[in-house]
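Position in the sequence shown (from 1) plus 1 gives the number in my numbering. C-beta: ideal position from N, C-alpha, C; glycine also. All values reported here derive from a predicted model rather than from experimental measurement.
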Amino acid sequence: MAKKLHKLLFLLLCCSMYGQHPIYTQFSEKDDLPDIEFYNMMEDSQGFVWLAADKGFYRYDGNQFKLYSNKEKRGLSVFEPKEDHKGRIWCCNISGQFFYVENDTLVTFVDLGQEMGWRLGNFLVTETHLLIFTSTTLYKVSLATKQIEEQIKLSKIGLGNPYQSGDEIYMSIENSIATLNLEGEIIKQITSEEIHNDLVYRCLGKSLISGYNGKTYMSFKDADEFLNLYLFDVNTGQYDKVKLEKTLEKSYIVSIDFYEGTMFLSTSSGLWLYTVQEDGKITYKNRYFKDQYVTKVIIDKSENFWVTTLRAGVFVIPNIHNFSYSFPKDMENFKCVEKINDDVFFFGTSSGKAGLYNIKTNKIEFIELDTDTNVTAVSYNKKQQLLYISQKTVAGVYNLKSKKYTVVTNVAQNANSISSIGDNGFLFTNYKGAIKVKNGKEVLRIGTTRAHVVFYDTITKNTYVSYVDELIKYNAEFQSKIMRYQGKRINSKGIVKTNDGTVWVASLKDGVYGIKNDSIIVNYNTKNGLVSNFIQQIKNDGDELWIVTSKGIQSFNTKTKTFKTLTKSDGVSTYLVSGIVPFDDRVLFSTNKGMFTIDRETSFEPRPKPGIYFTGIQINEKDTLLQEKYTLPHSQNTIKLSFNSNGFRSKEHIQYYSRLLGFNENWIAVDEGIDFVKYNSLPVGNYTFQVKATSRSLAGESEVKSIKISVKSPFWKRPWFILSIVFASLAIVIIYYRNILKKRERQKNKELEKLEQERELVFLKLENLRSQMNPHFIFNALNSIQEYIILNKKNLASDYLGKFADLIRTYLNHSNRGVISLQDEIDCLEMYLELEELRFEDKLMYSFDIDTAVDTESISIPTMLIQPYVENALKHGLLHKKDNRKLSITLKASPQDKTISCIIEDNGVGREKALLIKEKKAKMHKSFGTKATQDRLYLLNYGKTKRIGVSIEDLHDPITQKPTGTKVFITIPITKQSH
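Take a look at the structure:
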């Protein structure tokens, strides 16, 4: 019984009719909508939308609602927003106050509460006067003086709402329809018995007048609460009643507006649309927002339709030609759609509902499926007129000819996609892979990995399967080829083919790929046309592709390679699209919240360019008045510039670009959702800040807005100050250094004099020592000769005297020279030792060991530097030894230290014994040589960094520790001899 009832209900629904409604957005709390009760609205010349509401007067700038109020204002509610010739926005309240907004402030213009009896009046603003209409009287208030210039009694029984058209004002006055000029004077009047009866006896409340294209209409509610609408002509006296729909006759008209041949009636029963014919007559077109009390409709510069209501806030229709379909509430979540013909498409929902929808008649032919589980995939075999339908737990075939549904057992259930391959055959994908079905049976399993999408090319017989990890193409024999782009794997959301033979693959996050001749020839992404790389759906449409991304719906022309974009600001309700069906004049999209269509002809019409303006500027975190140019000191260089683009939810489709000329010539995208640019510590210089707005949809690019900014350098960095400082500094430096130089010159002269004196003193001392040392040596030599003579050794004395003469001659040659070559010193030593050898009667053995690295010819040393130490070795060491007297002189080079080491070693009695002998002879002879040598060494080292060093080492027997001689080390800095 239950099953029969179910079938009966299904048959009753089989040809149900459903309506359409323009896609709209309702402002809500998340948009910071401040009220739900709105009486009127308007768009000003700058693109701001002004709303008169129960809670106040608001301005919408595309992003937020701003409240305007002041202390004088009584109550909250305002009415009648209007713009005057100066761009000021006017409004009034119910207690006789009139206001305007100027410089972003609500100004109270005049308070006529007492004069108007604390009642609401209508008003108009001319270039010179504010015209206020009460129920009987016109008040003419001067804009210049704010005084009532004239008070005109127009009626005893009541005035209608005034309507201004150019320089004329239309309104009902008692029993006639009158025309007034802008001075408030009646210039024309029409009346008749019918008009008299209507206005005097039938009209309940105020009449409402509006006009379009030279035709004027008046509406009023009669005593029986029926709505009346008349078409009249003040020139001819024409007065014809307009026939309205029965439902509308019981409604109340709040506003009459016109746009592109359509009359919009804002009423207590919704928004009614009528087509206006050339003769002024109207025909019913449509009705929207049936359950709302509509108070006003306006069409903004971007052709968005704004609708205010008395109880539900504000609605916006971005494109009145784009519709959403009305379905029962349990049929909202549409999972798949498929085109059947030019008028019909199939749909399937998550609750197992399926049917055929006729877009011409708005009728549905329901298909009873086997279960109420999710319809996951569908494919239409046009030739066989078969629909392959997959659900979560079952699959079946619906025959459009016989209108019968047949279950296919254990095949194609829970499919991700289905692709028809010809007579009674199809391919499908699911978690098991890709499978081929023929006559209701599985005939081939192509892959075993989870697969998402399958597409069969009926021309090439190729099959494309998107698995969870790869995109693979199979030829007619199902030989596989992996498709990758630049080595990158492709995960597909959909695969289609356009008329040019290109197979298009929508990836999950890398845009769209085009495949031709088994190669990927192109990748479209955000760099070359797409608004997002995240693709929701893709559908072929002849030479076009429909691509749904996470940021918009795009149409791509494969011939011209151009994209056209639609966003929510263009009338797209959502981007969460589950399917696409292109028709001749519109394209349908299924979603989880229903279905909507976009009109091919009007959806892509160019929109007006977005406007952009500066909203504020902060300098060093403080708000500053807006102006075209700023000259700032260097300390005020933190600048924040705010800007905005008016329009419906502009932030959702506007991208700002900015640059600072003088700092950066390139346009830089401002972060999404941000409407300001801030510069911290702007360097000194002259700049021009520029900003522009670009719409992601069809509006294009705005004009560039600019502000000039000059950051001046501190006075101490300016040229005049710098030059002054430079010149002053130069003068000070010159004076200072002149004094320093003078002091240094005096000091230098003193030091030179002192050095010269010291030099002369040292030279005299050295000369004195040298003159003393030479006689000392001569004295010792003559003692030796005397000893030979006394001992009657004539031959030795003669030989010794000859060699002595040669040595004296050499010393005489060196006597006037402070330095001699090392070789000269060695030659003198050899002659000296030869003399000593004779004196020691050949009982002296001496040797020279000179390092080959020592260049004796080029190195200079002080005269007789080594000779005194050789003489001491002979006199104090070897003289007191009877035989085996040995003396060695070794010269070694130290290139690292740039010195020469001279080692004088003897095997004499040692310094201790020599000292004892010396002490015995001290009384007889005073020694001079040792002290002279030490004094000379001191003077030679005086004032020098590289000094001659002398050290003496006593030699001992390692076993008996008896003295075995003395070793003298002389370190001589290398000084090259000058020639």
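Residue i - DSSP class collapsed to helix/strand/coil
i	result
T263	strand
K340	strand
V727	helix
Y738	helix
F722	helix
A806	helix
R485	coil
Y943	coil
L228	strand
R840	helix
N198	helix
L823	helix
K977	strand
G663	coil
I360	coil
K876	helix
E752	helix
N814	helix
S352	coil
M2	Model confidence at M2 stands at a pLDDT of 41, short of 50, so the residue's coordinates are unreliable; what they give is reported in the following sentence. Reduced to three states, the DSSP call for M2 is coil.
S493	strand
Euclidean distance between Cα positions of residue i and residue j
i	j	result
N425	Q392	19 Å
S861	V820	6 Å
S711	G314	46 Å
L888	V855	20 Å
L567	L531	12 Å
D511	N526	7 Å
K876	N942	26 Å
F557	V338	21 Å
E279	L228	24 Å
Y381	K489	33 Å
V497	I613	40 Å
L916	H881	11 Å
I536	H654	18 Å
L892	M846	18 Å
V951	T934	11 Å
E84	Y40	17 Å
E150	F221	32 Å
For residue i, the first and last residue of its enclosing alpha helix (DSSP H)
i	result
N681	No alpha helix (DSSP H) holds N681; DSSP gives it neither H nor E.
S604	R601 to S604
N873	Q868 to N873
E250	K247 to E250
DSSP bridge partner residues for residue i (one or two, in chain order)
i	result
S327	DSSP, once it has assigned bridges, lists no residue as partnering S327.
N382	L387
R587	D600
Residue burial classification, residue i (beta-carbon count within 10 angstroms, cutoff 16)
i	result
W717	exposed
L783	exposed
R75	exposed
N214	exposed
K977	exposed
W91	buried
K437	buried
I791	exposed
Y326	buried
Y285	exposed
L813	exposed
Y738	exposed
L661	buried
K4	Residue confidence is low: K4 scores 43 on pLDDT, short of 50, so the model does not pin down where it sits. No coordinate-derived value is stated.
CB contact below 9 Å: residue i versus chain C
i	result
V727	Absent from the structure: chain C. Only one protein chain is present.
Where the beta strand (DSSP E) containing residue i begins and where it ends
i	result
Y40	F39 to E44
R60	G57 to Y61
P896	Unbroken run through P896: none, as it is neither H nor E.
K34	The question names Lys, yet the displayed sequence has Leu at residue 34. Premise fails: L34 is in no beta strand (DSSP E) and is neither H nor E.
Contact test: residue i Cβ vs the ligand GDP heavy atom, cutoff 8 Å
i	result
P329	Because no ligand of any kind appears in the structure shown, any question about the ligand GDP cannot be addressed here.
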